[in-house]
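All remarks here apply to the structure that follows.
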Amino acid sequence: MLARGFLARAAAEVAALPLASFEAARAEVEDDPLRLAARFGVPVAAVFRRIALRAGAAEGLVVCDGSGTLVFRKPAEGFALPRFAAACPLWPLYSALGRPGSPVVVEVETAGQVPRRFAAVAVCALRHPEGLGGAELREAAMLLVPRKAAALRGAENALPVRVGASCRICPRSDCVARREPTILGEGI
41 MLARGFLARA AAEVAALPLA SFEAARAEVE DDPLRLAARF GVPVAAVFRR
91 IALRAGAAEG LVVCDGSGTL VFRKPAEGFA LPRFAAACPL WPLYSALGRP
141 GSPVVVEVET AGQVPRRFAA VAVCALRHPE GLGGAELREA AMLLVPRKAA
191 ALRGAENALP VRVGASCRIC PRSDCVARRE PTILGEGI
């Protein structure tokens with residue numbers, strides 16, 4: 041059932057965002073995902089998926105549910121994504137969960153021997169599938185744009201937030217958000 045829902049949503053988004061007109065619009069609005077969403081009348085997360093899932097796309101995409109569990113991962117080269125453990129709590133993805141409808145735009149720098157910078161934009165959407173009085177479901181999505189690519193407006197002059205993949209494999213010993221010790225030795 042989950043796979044069918046994903047495929048149905050993907051087909052609807054491809055139909056709503058035809059590649060040729062989508063690419064032309066991207067150039068016109070300087071890759072602003074909110075302006076693209078407004079132009080095509082689709083959710084911002086649909087624009088994120090269209091950008092990140094193009095053939096050969098350098099951009100990455102991460103989606104989580106309201107619990108913070110990663111439910112979709114499309115890596116960007118140089119930005120490690122955890123496969124099993126919880127992700128880094130400093131990711132803008134988690135800030136967006138607390139601010140539905142308000143974009144979070146941040147420049148991030150990965151921890152490690154070769155730090156990489158990314159412009160990250162994250163948004164959270166609310167759904168109420170049971171109607172009034174029913175459960176409120178949150179889903180946050182974060183688009184990762186390698187800094188070599190065009191910067192997202194709002195992230196270009198900010199100091200980067202240093203992030204990792206997850207605490208267990210993060211080399212940052214001074215992280216204020218660490219929730220468990222790293223398995224990496226000191227100095228790595």
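Using our numbering, the first residue of the sequence shown is number 41, and each one after it goes up by one.
Every residue gets a Cβ at the ideal spot worked out from N, C-alpha and C, and that includes glycine.
Predicted model only: the values in this text are computed from it and were never measured.
Residues near residue i in its chain [Cβ-Cβ closer than 7 Å; skip 5 each side]
{"i": "leucine 74", "result": "Val84 and Pro143"}
{"i": "phenylalanine 88", "result": "Pro73, Leu101, Ala181 and Leu183"}
{"i": "leucine 59", "result": "none"}
Beta-carbon proximity check, residue i vs residue j, cutoff 8 Å
{"i": "glycine 100", "j": "alanine 151", "result": "no"}
{"i": "glycine 108", "j": "alanine 126", "result": "yes"}
{"i": "proline 132", "j": "alanine 162", "result": "yes"}
{"i": "arginine 90", "j": "leucine 47", "result": "no"}
{"i": "leucine 137", "j": "arginine 178", "result": "yes"}
{"i": "valine 82", "j": "glutamate 63", "result": "no"}
{"i": "glutamate 117", "j": "alanine 98", "result": "yes"}
{"i": "serine 206", "j": "cysteine 128", "result": "yes"}
{"i": "proline 140", "j": "leucine 166", "result": "yes"}
Through-space distance from residue j to residue i, alpha-carbon basis
{"i": "proline 211", "j": "arginine 202", "result": "11 Å"}
{"i": "arginine 208", "j": "isoleucine 223", "result": "6 Å"}
{"i": "isoleucine 228", "j": "serine 213", "result": "Model confidence at isoleucine 228 stands at a pLDDT of 43, short of 50, so the residue's coordinates are unreliable; what they give is reported in the following sentence. Approximately 10 Å, taken between the alpha carbons."}
{"i": "alanine 67", "j": "valine 145", "result": "20 Å"}
{"i": "alanine 50", "j": "leucine 42", "result": "12 Å"}
{"i": "glycine 171", "j": "tyrosine 134", "result": "25 Å"}
{"i": "valine 154", "j": "serine 61", "result": "37 Å"}
{"i": "leucine 199", "j": "valine 102", "result": "22 Å"}
{"i": "phenylalanine 119", "j": "arginine 218", "result": "18 Å"}
{"i": "arginine 44", "j": "cysteine 164", "result": "22 Å"}
{"i": "alanine 86", "j": "glycine 106", "result": "18 Å"}
Integer-rounded CB distance, given that residue j should sit under 8 Å from residue i
{"i": "arginine 113", "j": "alanine 159", "result": "The Cβ separation is near 18 Å, so there is no contact."}
{"i": "arginine 157", "j": "glutamate 147", "result": "6 Å"}
Exposure label - residue i; buried when at least 16 CB within 10 Å
{"i": "proline 221", "result": "exposed"}
{"i": "glutamate 176", "result": "exposed"}
{"i": "leucine 184", "result": "buried"}
{"i": "valine 216", "result": "exposed"}
{"i": "alanine 92", "result": "buried"}
{"i": "alanine 95", "result": "exposed"}
{"i": "alanine 55", "result": "exposed"}
Spatial neighbours of residue i in its chain, beta-carbon cut-off 8 Å, leaving aside the 5 residues before and after
{"i": "alanine 65", "result": "Leu76, Arg79 and Phe80"}
Sequence-distant residues of the same chain with beta carbon closer than 6 Å to residue i, five excluded per side
{"i": "proline 115", "result": "Gly100 and Leu121"}
Cβ-heavy atom distance, residue i to the ligand ZN, below 7 Å
{"i": "valine 163", "result": "Looking at this structure, you won't find the ligand ZN or any other ligand, since it has none at all."}
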